[in-house]
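Down below is the structure, laid out as structure tokens.
Number of protein chains: 4
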Amino acid sequence: MALTSEQQAEIASLRLEPTLTSRPTVPAMEEILARPIEVLDHGFLRVVDYMGDDSAVVQAARVSYGRGTRKTSEDAGLIRYLMRHRHSTPFEMCEIKFHVKLPVFVARQWIRHRMASVNEYSARYSILDREFYLPDLAQVSAQSSSNRQGRSEALDADKAHRVLNLLRDDANRCYEHYEELLDEERYGLARELARMNLTLNTYTQWYWKIDLHNFMHFLALRADPHAQYEIRVYAEKMLEILRAWVPQTAVAFEEYRLGAFTFSAGMLRVLQRQLSGEVVAQENSGLTKREWSEMQAALQGA
Amino acid sequence: MALTSEQQAEIASLRLEPTLTSRPTVPAMEEILARPIEVLDHGFLRVVDYMGDDSAVVQAARVSYGRGTRKTSEDAGLIRYLMRHRHSTPFEMCEIKFHVKLPVFVARQWIRHRMASVNEYSARYSILDREFYLPDLAQVSAQSSSNRQGRSEALDADKAHRVLNLLRDDANRCYEHYEELLDEERYGLARELARMNLTLNTYTQWYWKIDLHNFMHFLALRADPHAQYEIRVYAEKMLEILRAWVPQTAVAFEEYRLGAFTFSAGMLRVLQRQLSGEVVAQENSGLTKREWSEMQAALQGA
Amino acid sequence: MALTSEQQAEIASLRLEPTLTSRPTVPAMEEILARPIEVLDHGFLRVVDYMGDDSAVVQAARVSYGRGTRKTSEDAGLIRYLMRHRHSTPFEMCEIKFHVKLPVFVARQWIRHRMASVNEYSARYSILDREFYLPDLAQVSAQSSSNRQGRSEALDADKAHRVLNLLRDDANRCYEHYEELLDEERYGLARELARMNLTLNTYTQWYWKIDLHNFMHFLALRADPHAQYEIRVYAEKMLEILRAWVPQTAVAFEEYRLGAFTFSAGMLRVLQRQLSGEVVAQENSGLTKREWSEMQAALQGA
Amino acid sequence: MALTSEQQAEIASLRLEPTLTSRPTVPAMEEILARPIEVLDHGFLRVVDYMGDDSAVVQAARVSYGRGTRKTSEDAGLIRYLMRHRHSTPFEMCEIKFHVKLPVFVARQWIRHRMASVNEYSARYSILDREFYLPDLAQVSAQSSSNRQGRSEALDADKAHRVLNLLRDDANRCYEHYEELLDEERYGLARELARMNLTLNTYTQWYWKIDLHNFMHFLALRADPHAQYEIRVYAEKMLEILRAWVPQTAVAFEEYRLGAFTFSAGMLRVLQRQLSGEVVAQENSGLTKREWSEMQAALQGA
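Chains as they are written, first to last, in the working numbering: chain A, 1 to 302; chain B, 303 to 604; chain C, 605 to 906; chain D, 907 to 1208.
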């Protein structure tokens, strides 16, 4: 359970009373605003604010203001066109802000997306909670032998239990020593130093704000099957929020980005030969084994 | 008059019906939302959307969520602290979006602020209106002799009238030829080519979106007396909007940025000597003449 | 001819005497360093400086420093892998700086690429030269009827001549009035005001610095057949420079970006059906006419 | 000692044989190129490449190319002018690239500077070394009571020794378990999971590239006495490198940024009163206690 009942109560109190606005409003977003969505064992994300909707994308693409309105029925087509041709600036016109609680090693991957604004909990200034990530049994997985930066199947239950015990004991011991180091009766060590004793699965939290274009770029990389599971689960929850927020944009994103595949010049030549009836094998394709298998996967996975 | 009655009507129709939201709302901004504020002879700016308020800045600075709330009375002090120490990330948590109509030569200065999102009217795609900037008589000014990139007092009325006639005639003639080049009966020249015949005072328009931190950076540079008049008038209107949107932030911005002055190491040494009773002149100050006069101006202008 | 012999001499004098360095050096770049390459009728570009080479990309991708060296023979494969999977950060490790002379309307498109550093000639501070762009006869083209933002075939020679006369006369007259406005004997108008009388084909110049990743993004958009001819000719010269500078990266860029095509989820379904022997037409493809023709073009153009 | 003799040998081999270049070259930088400078107990930084020098800043500021050369004697004055008036774009025209080895908790602060390019050692892909940061005795300090995010004086030697033992034991135990988790004979846990057991003082490394403007912004924040000691020591070494690389820029930076102080509007009013002979105390200054003491510190520290 990610949130104590005390935390739940506090978050509820953060939800503002509804007021009237003449800004674009998305009812489905109003529903979820401020409410935490649980992720991993102690993490969460919640939408703190948003700006714009599908029609704000369209409005920016049609800056040619003053020429009379176009039909709303054409909006979806325009959004698809923008997405297909990677005209990204109209998607920059919407913005979303999250409050996220996440393990430090996930935060380290996440922060590499520079086109976002971040305010993180400061462990120089405050004391971190005793909360650290421990994977589900099903996620305690072996190193992949084919993919140097991936994992393969789960360890057997017995091994997995021992792994979890190891992780839990070390995190607990490190946290206890962290508290001891901070304790004024004992050491009174500076917070900015004591924190170095914590393990990388300790939870941190931040406010994270990003525009719609860069948000989709984040999702394309982090909701991808090659992303590490622990960040992917956040991205998957965010993909659902994308669908609630900007439904037409989300459909176009799944059609032209998530579900798409880029064929290289060499792959296009292979396709041409195949479509003209020739049987092509990797050996005479001009592609490397890796390219060949990536291409086959794209054609079968479709 | 910047807007025809037709344009006024159209803009009025763009103002959305109020709906309920649980997002932070600023009544003073709701008042002005979507309504054009006239600038120069044919330009305008209008707030299209905004996200966040003073409390969103405070909230991000206090990410230490879950620790109980602090008193609102301390918010202004926290905002002043953030501004004074240039802790800029909490100010990135708010966002504002404008629709702006402005002369091309102003747009060329404006666009140099890269930390913003822009969708501009495309003269490859559409035909520009016959609207170009002509300064007020009072702004038809001579080249400054002291400042290589500034202007000094206005030309005498007779000369100014002749200047305006010259500018008007050239802009008109160029625009008429632009129309002639586009005319399918005459030449049918591609729009992307024909536009090169227009003068730099032709009006363009765009949607421009920026976060509060970068917005204040823009204002600090462009509401400054050294900024060119034609961009400064936009910045001054935006400064009023800043005051309506985030009043506590605006006060801190004027105290610690607009009204502030940075003393160099050498200037600090001069101040020390002066405060200890020594009479210091430029000659024995260790400062260049230019630094000396900048320092004196700061001390007198305060 | 873009450069007077006086300018040629001056540029020659800017080329530094060779000195020794332990930084990565690219002989083909040393050849062209500082030398202007002519573009359009008065424009040019020249490489002012560069940092890094193909091996700097590889080095960054292999940060796992200290593990012993890998074979150089694998470098090209690694670069291809990075390009295919859009691992862009290693390409950010190289940098190139240009001096460019270009018409203002081209500069207005170019500046939209925000991830670059720019210092432009200031018309507030200095006086612009009497140089403006006039297209070659072959480029005086009609508006495209199929593409709202493109041009089609050239106008007939007689019309084209009249178009050029119009453009030339207006640019000349505007420039003469610009000089008159600046003339202290006549008006002595401030430079920042007088410039507004110039036409958009007036030449400006700037220093432009960008990292290799963002440089390729610029090239992908601006060396594209849909880019306006007047910016594309700059991009095409730069593409040749890319090939000289980082030959392995350039090959990968042409294979996986310039020569590639992204198939949407729907297009992949069509491909599957076709490869399994089904005859698919636009009508039963599930694709719009536009998507269908884009897909066919990609398959034929390969 | 940060580097084993094996590592030293390897680094030496990375230093390229000198070749001729017509690019701007800085002899003092050639001296230090590729050579590691030790920082903390196992960290280092080394300059991998650089682009531009003081004259490249001047060149960009004088884009008004073709107007004849100005005297080099005026370069320093121009650089000072640019720095004083925060004309930052000419400083973006130089670039520097470092290889840095640093503890993870320092990397987490450092990465907040978004205007830089980074390639970090991947613990998903490779195994981290058994190297973690332990402070010097003199740096094992108590929490500051006046500054919530700072440290005060060192703990007494006995306590400090016990703190170090705690930190060392936990880091060692966590690392041993990390190895055990990775061991295929034992668990064979995926690297991307096993790493979460490491403590935040584990060393990582990266290539880090930044332009001169943003580099100085980094130094202004991180070479500041309020920065955490463990990042400040890196910044201080880099400040020395700045002095070697662009000596005129470095002098201006120390005069107008590092050694400068910004007086708010209220502080300027106090100064005026003081300079006109009035005795002003905090109580009647209109400043808060905190502002008053910051102002006094600036005037005394000068």
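Every residue gets a Cβ at the ideal spot worked out from N, C-alpha and C, and that includes glycine.
The beta strand (DSSP E) enclosing P1009/D, as first and last residue numbers: For P1009/D, the enclosing beta strand (DSSP E) has its first and last residue at 1001–1009.
Assumed close pair A1126/D, R1163/D - CB separation to whole angstroms, cut-off 8 Å: Between A1126/D and R1163/D a beta carbon distance of about 5 Å is seen, short of the 8 Å cut, so the two are scored as contacting.
Environment of V581/B [buried if 16+ CB atoms lie within 10 Å]: Exposed, because fewer than 16 other Cβ atoms sit within 10 Å of the Cβ of V581/B.
Neighbourhood of I210/A by C-beta distance below 6 Å, restricted to the same chain and skipping five residues each side: The answer, listed in chain order, is A116.
Given 8 Å, three or more beta-carbon pairs between the segment 720–734 of chain C and the segment 457–475 of chain B: Judged by Cβ distances under 8 Å, the segment 720–734 of chain C makes no contact with the segment 457–475 of chain B, as fewer than three pairs qualify.
7 Å Cβ cutoff met for R728/C and Q451/B: Cβ distance < 7 Å, so R728/C and Q451/B count as in contact.
Meets three-Cβ-pair contact criterion under 8 Å: the segment 773–783 of chain C and the segment 439–447 of chain B: The segment 773–783 of chain C vs the segment 439–447 of chain B: no contact.
E487/B in three-state terms, based on DSSP: E487/B sits in coil when the DSSP states are folded into three classes, being neither helix nor strand.
Chain D contact residues for F91/A, given Cβ-Cβ distances below 9 Å: The premise fails here: F91/A is roughly 20 Å from chain D at the closest Cβ pair, so nothing lies under 9 Å.
Sequence-distant residues of its chain with Cβ nearer than 7 Å to L875/C (five each side left out): Hits under 7 Å: F867.
Length of the line joining the Cα atoms of E1197/D and V48/A: E1197/D and V48/A: Cα-Cα distance of roughly 33 Å.
Spatial distance of W1151/D from F695/C (CA atoms): Between W1151/D and F695/C, the C-alpha separation is close to 24 Å.
Distance between beta carbons of F1159/D and M989/D, contact taken as under 8 Å: Confirmed, about 6 Å.
Contact with chain D by E481/B, beta-carbon distance below 7 Å: Interface with chain D (7 Å Cβ-Cβ cutoff): E481/B is excluded.
CB contact below 7 Å: G863/C versus chain F: Of the protein chains in this structure, namely A, B, C and D, none is chain F.
Neighbour-count burial assignment, N499/B, 16 or more Cβ in a 10 Å radius: With 16 or more Cβ atoms within 10 Å of its Cβ, N499/B is classed as buried.
Proximity below 7 Å, CB of T323/B to CB of T21/A: Result yes, Cβ atoms of T323/B and T21/A sit closer than 7 Å.
Neighbour list for K1003/D in chain C, Cβ cutoff strictly below 7 Å: Neighbours of K1003/D on chain C, chain order: M697.
At least 3 beta-carbon pairs within less than 8 Å: the segment 524–531 of chain B vs the segment 348–363 of chain B: No, they do not touch.
Nonlocal neighbours in the same chain, by C-beta distance under 7 Å from L484/B, ignoring five residues either side: Only I429, L491, R493, A496 meet the Cβ criterion.
Own chain partners of L239/A with C-beta closer than 6 Å, once the 5 adjacent residues on each side are dropped: The answer, listed in chain order, is L219, A223.
9 Å Cβ cut-off: residues of chain B touching W110/A: What W110/A touches in chain B, judged by beta-carbon distance under 9 Å, is nothing: the nearest beta carbon there is about 15 Å away.
Exposure label - E1001/D; buried when at least 16 CB within 10 Å: Counting other Cβ atoms within 10 Å of its Cβ, E1001/D reaches 16 or more and is therefore classed as buried.
Pairwise C-alpha distance: G1172/D and R1179/D: So the alpha carbons of these two residues sit roughly 11 Å apart.
Partners in chain A for S868/C, counting only beta-carbon separations shorter than 8 Å: The contacting residues are R84, E255, Y256, G259, A260.
Whole runs of the alpha helix (DSSP H) within the segment 134–198 of chain A, excluding any shorter than 4 residues: Qualifying alpha helix (DSSP H) stretches, in chain order: 157–182, 191–194.
Three-state secondary structure assigned by DSSP to R592/B: In this structure, R592/B counts as helix in the three-state DSSP scheme.
Span of the alpha helix (DSSP H) around F1169/D: First-last for F1169/D: 1167–1169, but that is the beta strand (DSSP E), not the alpha helix (DSSP H).
Extent of the continuous beta strand (DSSP E) run through L45/A: Run containing L45/A: 43–51, per the beta strand (DSSP E) assignment.
Selected residue, minimal CA-CA separation from P707/C, among Q663/C, H781/C, V837/C: Minimum Cα distance to P707/C is reached at V837/C.
Short CB-CB distance (under 7 Å) between L219/A and chain C: Judged by the 7 Å Cβ criterion, L219/A is not in contact with chain C.
Within chain D, partners of Q576/B - CB distance below 8 Å: The answer, in chain order, is L1181.
Within 7 Å of chain A by C-beta, residues of the segment 502–516 of chain B in sequence order: If the cut-off is 7 Å between Cβ atoms, the segment 502–516 of chain B has Q507, W508, Y509, K511, D513 near chain A.
Below-7 Å beta-carbon distance, D431/B vs any chain C residue: No, because no Cβ of chain C sits closer than 7 Å to the Cβ of D431/B.
Buried or exposed (CB count within 10 angstroms, at least 16 for buried), G579/B: Exposed, by the Cβ-count rule.
CB contact check: L20/A to chain B, cutoff 7 Å: So, interface residue.
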